[in-house]
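Chains A and B are the protein sequences, given in the same order. So in the numbering used here, spot 81 of the first sequence is number 83, and the numbers just go up one at a time. So in the numbering used here, spot 186 of the second sequence is number 492, and the numbers just go up one at a time. The beta carbon of each residue, even a glycine, is placed where N, CA and C say it ideally should be. First the structure, in the form of structure tokens, and then the observations on it.
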Amino acid sequence: MKILVTAKRVPDPEQKVKIKDGALDLSGANFIVNPFDEYAVEAALRLTEKVEGATTRCGEVTVLGIGPKDMSQQLRSCLAMGADRALLVEGSDEGLDSEQVARVIVAVYQRERPDLLLLGKQTVDGESNQVAQLVAGYLGLPQACFACTIEASADGKSVVVGREVDGGTETKRLPLPAVVTVDLRSVLPQSVRNQQTPATHAYPEGPRYASLKGIMASKKKPLDSLDLATLGVTATPRLKLLSLEAPPQRQAGVKVESVDALIDKLRHEAKVI
Amino acid sequence: MSNVLVVAEQQHGVLRSASLNAISLGRALVAANGGGTLTALLVGHELGSAAAELARYPVDQVLTVDHPALAAYLAETHAPVVAAVAQQLAAEQVAATATSTGKDLLPRVAALLDAGMASEIAAVVGPRRFKRPMLAGNAIGLVEVLTSRVVVTGRQTEWPAAQPSAAAAPITATAVPPGPALGAEVLGLAQLPSERPELTEARVVVTGGRGMGSGENFKHLGALADVLGGALGATRAACDAGMVPNDLQVGQTGKVVAPELYLAVGVSGAIQHLAGMKSSRVIVAINKNAEAPIFQVADYGLVAKWEDTIEDLTTKLRALRSA
Ligand SMILES: Cc1cc2nc3c(=O)[nH]c(=O)nc-3n(C[C@H](O)[C@H](O)[C@H](O)COP(=O)(O)OP(=O)(O)OC[C@H]3O[C@@H](n4cnc5c(N)ncnc54)[C@H](O)[C@@H]3O)c2cc1C
Ligand SMILES: Nc1ncnc2c1ncn2[C@@H]1O[C@H](COP(=O)(O)O)[C@@H](O)[C@H]1O
Numbered sequence: 003m004k005i006l007v008t009a010k011r012v013p014d015p016e017q018k019v020k021i022k023d024g025a026l027d028l029s030g031a032n033f034i035v036n037p038f039d040e041y042a043v044e045a046a047l048r049l050t051e052k053v054e055g056a057t058t059r060c061g062e063v064t065v066l067g068i069g070p071k072d073m074s075q076q077l078r079s080c081l082a083m084g085a086d087r088a089l090l091v092e093g094s095d096e097g098l099d100s101e102q103v104a105r106v107i108v109a110v111y112q113r114e115r116p117d118l119l120l121l122g123k124q125t126v127d128g129e130s131n132q133v134a135q136l137v138a139g140y141l142g143l144p145q146a147c148f149a150c151t152i153e154a155s156a157d158g159k160s161v162v163v164g165r166e167v168d169g170g171t172e173t174k175r176l177p178l179p180a181v182v183t184v185d186l187r188s189v190l191p192q193s194v195r196n197q198q199t200p201a202t203h204a205y206p207e208g209p210r211y212a213s214l215k216g217i218m219a220s221k222k223k224p225l226d227s228l229d230l231a232t233l234g235v236t237a238t239p240r241l242k243l244l245s246l247e248a249p250p251q252r253q254a255g256v257k258v259e260s261v262d263a264l265i266d267k268l269r270h271e272a273k274v275i
Numbered sequence: 307m308s309n310v311l312v313v314a315e316q317q318h319g320v321l322r323s324a325s326l327n328a329i330s331l332g333r334a335l336v337a338a339n340g341g342g343t344l345t346a347l348l349v350g351h352e353l354g355s356a357a358a359e360l361a362r363y364p365v366d367q368v369l370t371v372d373h374p375a376l377a378a379y380l381a382e383t384h385a386p387v388v389a390a391v392a393q394q395l396a397a398e399q400v401a402a403t404a405t406s407t408g409k410d411l412l413p414r415v416a417a418l419l420d421a422g423m424a425s426e427i428a429a430v431v432g433p434r435r436f437k438r439p440m441l442a443g444n445a446i447g448l449v450e451v452l453t454s455r456v457v458v459t460g461r462q463t464e465w466p467a468a469q470p471s472a473a474a475a476p477i478t479a480t481a482v483p484p485g486p487a488l489g490a491e492v493l494g495l496a497q498l499p500s501e502r503p504e505l506t507e508a509r510v511v512v513t514g515g516r517g518m519g520s521g522e523n524f525k526h527l528g529a530l531a532d533v534l535g536g537a538l539g540a541t542r543a544a545c546d547a548g549m550v551p552n553d554l555q556v557g558q559t560g561k562v563v564a565p566e567l568y569l570a571v572g573v574s575g576a577i578q579h580l581a582g583m584k585s586s587r588v589i590v591a592i593n594k595n596a597e598a599p600i601f602q603v604a605d606y607g608l609v610a611k612w613e614d615t616i617e618d619l620t621t622k623l624r625a626l627r628s629a
């Protein structure tokens, strides 16, 4: 199976968000791969390898990033996890909207013709949660968003996806090629099945760490740059971020000493019970 | 003036309550455009009482598209229907609540309409200008949609449920062909029945974290939630560990809640969790570690183990209730 995974770089969510003059102040920001995209890389690797004693690859994973040149660092870390090759389409972090990102992905899809397009459920900075659905809409492909489980069929022609929906889990079957976005639970030990690795195999929880060998190997893996002109993408933005402001801050309250004191506060001060 | 289309949801012929939040959002869009009509759309099969129920709320008309091929929700078949209806009505603005269906469907509709989209908006500032939380609730963005047609989803907690209106709106069935399923099919939906109110609507939410230790121990929180007539929530860590079902997750990437009272028990207060509950009116934290970050947003903090407090709290609240 040939999989195209997309990855955005985002400022580390653990760092404090700084806003200056109505815009995000990224000075001193540390960038990481958007966590959901890291999960997508993990899911793609699990789908394209056979783990039985040793691990052998049985498919190809290409990672596509759209961002500044510096983003090659994050793409290298995806290669170090085990992805086979990476593509970097140059653009700014903030300048591109979902529309432009989606059009780039569509163009790369048409060049690469993967069996599966795997994206994160959302970016943790912009939180748009639209790119995959736009891409599926433009390409006329079936979609399964918010995957907690992915099972490839033995013939490699379809996937069955468990989708996290309000109130439960929906199971949806899609013929390939298709667009899938991954949610948090896709990285639990037995969330992904590919009919190659025995179904009883349990992965460690979470996305894999790059091994020293993986890091060394990543340096030799292909990481190609593409530009919008080569791809023939001329999309104009459809959403503009005019300004950012800090939300109202919540003040820490008081500590109470006992259950009785808590009940008293809730009844007589907060008046909620 | 603008025609606004809101996408309502039903399940087995019963109107989903998130539709009422969508109507409030739709009314705000009409107001921002200096007037216009508000149409609520129901798509599915065997719509039961949902259309009549929807017509009781402040919309100008209810449109239904009923077709056997639309029985199970599929973005593939439903998105073309919503887009076609938007074209027919010349609706400049298309909106829905950001439920799991709204989030899945509306961007695909935007793609079919070649429209710009703003997700999970919290306020309508102008016909094309909206405020939306970003960066785990640590920033509020002011965004502008640059296309003439606008698609939005609204964050449910920011849009109150619409109240019924005096007169019922007319209901019209319209025949729009379903989109092709493209081979996609729903094989099943595993839903766990719950007697408790929905997380996103409950007046009280009792949330447990990894500190609860096991799924079994969540029954103590369930009992507390029941005394308060509240819903049960959980952190990612508790869901991932299989203590409770995934759809109880509160946070940046789970449900966003804003109840009158939020009780966090054995929850550390990671930013991704805070993003989903910081707008609650009153926050209570019970955690054995006095340094836990949750105390920085809690109005009332109790440094204690849940084992030593929850039963006592439940018993005393129950006694108060029956007094
Ligand atoms: C991309 C991404 C998205 C995420 N989205 C979400 C999200 O939507 N929602 C979410 O919740 N998390 C989310 N997370 C995870 C988040 O970062 C934290 O890991 C998680 O919220 C921690 O859960 P917790 O507080 O239950 O566990 P912990 O951080 O392990 O905290 C457990 C707490 O319990 C206390 N405790 C232990 N024993 C007891 C006891 N007996 N009595 C009382 N207190 C006790 C401890 O002092 C501790 O503070 C996300 C993470 C990522 C990377
Ligand atoms: N600049 C980007 N480069 C590569 N992939 C992206 C980019 N922006 C968004 N994506 C992908 O689209 C998914 C959803 O993003 P969003 O719709 O922006 O929340 C992300 O998880 C990524 O997989």
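Cβ shell of G572(B) (< 7 Å), same chain only, five flanking positions each side left out: These residues qualify, in order along the chain: G514, G515, R516, G517, M518, N593, W612.
Any non-hydrogen atom of ligand 2 closer than 7 Å to S94(A) Cβ: no
Helix, strand or coil at E426(B) according to DSSP, with G and I counted as helix: strand
Limits of the unbroken alpha helix (DSSP H) element including G408(B): 406-419
Coil, strand or helix - L326(B) by DSSP: In the structure shown, L326(B) sits in a helix (DSSP, three-state: H, G or I).
Near ligand 1: H526(B) beta-carbon under 7 Å from a heavy atom: no
Nearest candidate by alpha-carbon position, reference Q132(A), set T173(A), V161(A), V181(A), Q17(A): V181(A)
L321(B) and L360(B) closer than 8 Å at C-beta: yes
Member of A404(B), V588(B), N523(B) whose CA lies at the smallest distance from the CA of I275(A): V588(B)
Straight-line Cα distance separating P37(A) from G208(A): A direct Cα-to-Cα measurement between G208(A) and P37(A) gives close to 10 Å.
Unbroken beta strand (DSSP E) run spanning P70(A), endpoints: Careful: P70(A) lies outside any beta strand (DSSP E) and carries neither H nor E.
Run of the beta strand (DSSP E) containing Q394(B), from where it starts to where it stops: Segment 381-394 is the alpha helix (DSSP H) holding Q394(B); no beta strand (DSSP E) there.
Three-state class that DSSP yields for G332(B) in the structure shown: helix
Beta strand (DSSP E) runs contained entirely in the stretch 567-604 of chain B, provided each spans 3 or more residues: Segments of the beta strand (DSSP E) lying fully in the stretch 567-604 of chain B: 567-571, 588-593.
Proximity to E630(B) [Cα-Cα], best of N339(B), L380(B), G341(B): The structure shown has nothing for residue 630(B), since chain B only spans 307 to 629.
Positions along the stretch 605-620 of chain B whose CB lies within less than 7 Å of some CB in chain A: Those residues of the stretch 605-620 of chain B that come within reach of chain A (Cβ to Cβ, closer than 7 Å) are D605, Y606, G607, L608, V609, T615, D618, L619.
C-beta contact flag for A570(B) and I600(B) at 8 Å: yes
Proximity test, K594(B) beta-carbon vs ligand 1 heavy atom, cut-off 7 Å: yes
Cβ-Cβ distance between L619(B) and V53(A) below 8 Å: The Cβ-Cβ distance between L619(B) and V53(A) does not fall below 8 Å.
Test: L136(A) CB closer than 8 Å to a CB of chain B: yes
Cβ distance (whole Å) where N309(B) is taken to contact W465(B) below 8 Å: With 8 Å as the limit, N309(B) and W465(B) do not qualify as a contact, their Cβ atoms being about 19 Å apart.
Three-state secondary structure assigned by DSSP to D614(B): Here D614(B) sits in helix by DSSP.
Bridge-paired residues (DSSP) for V35(A): R11(A)
Buried/exposed call for M218(A), threshold 16 Cβ in 10 Å: exposed
Where L626(B) sits in the DSSP three-state scheme: helix
Contact list for the stretch 234-263 of chain A against chain E, Cβ threshold 7 Å: Checking the listed chains, one finds no chain E in this structure; the protein chains it contains are A and B.
Boundaries of the alpha helix (DSSP H) in which Y111(A) is found, first to last residue: 100-114
Any C-beta of chain A under 8 Å from that of E364(B): The residue you asked about is not Glu; residue 364(B) is Pro in the sequence shown. With 8 Å as the cut-off, P364(B) does not count as an interface residue toward chain A.
Anticipated Cβ contact below 8 Å, S563(B) with T506(B), distance rounded: Note on identity: in this sequence residue 563(B) is Val, with Ser being the wrong assignment. Going by Cβ atoms, the distance from V563(B) to T506(B) rounds to 6 Å, so yes, they are a contact pair.
Residues bridged to D372(B) (per DSSP): According to DSSP, which records beta bridges pairwise, D372(B) is partnered with G350(B).
Proximity test, Cβ basis, 8 Å: L120(A) and chain B: no
Contact test: F33(A) Cβ vs ligand 2 heavy atom, cutoff 7 Å: F33(A): no, Cβ never under 7 Å from ligand 2.
Cutoff 8 Å: T202(A) Cβ touching any chain B Cβ: Interface annotation, T202(A): not in contact with chain B, CB-CB separation never under 8 Å.
Secondary structure of I277(A), DSSP reduced to three states: Given that chain A is displayed from residue 3 to residue 275, the structure contains no residue 277(A) and the question cannot be resolved.
Test item: CB-CB of L120(A) and A46(A) under 8 Å: yes
Supposed close pair A400(B), L311(B) - CB separation, criterion 8 Å: Residue identity differs from the one stated: residue 400(B) is Val in this sequence, not Ala. Between L311(B) and V400(B) the Cβ distance is about 5 Å, and since that is below 8 Å, they are a contact.
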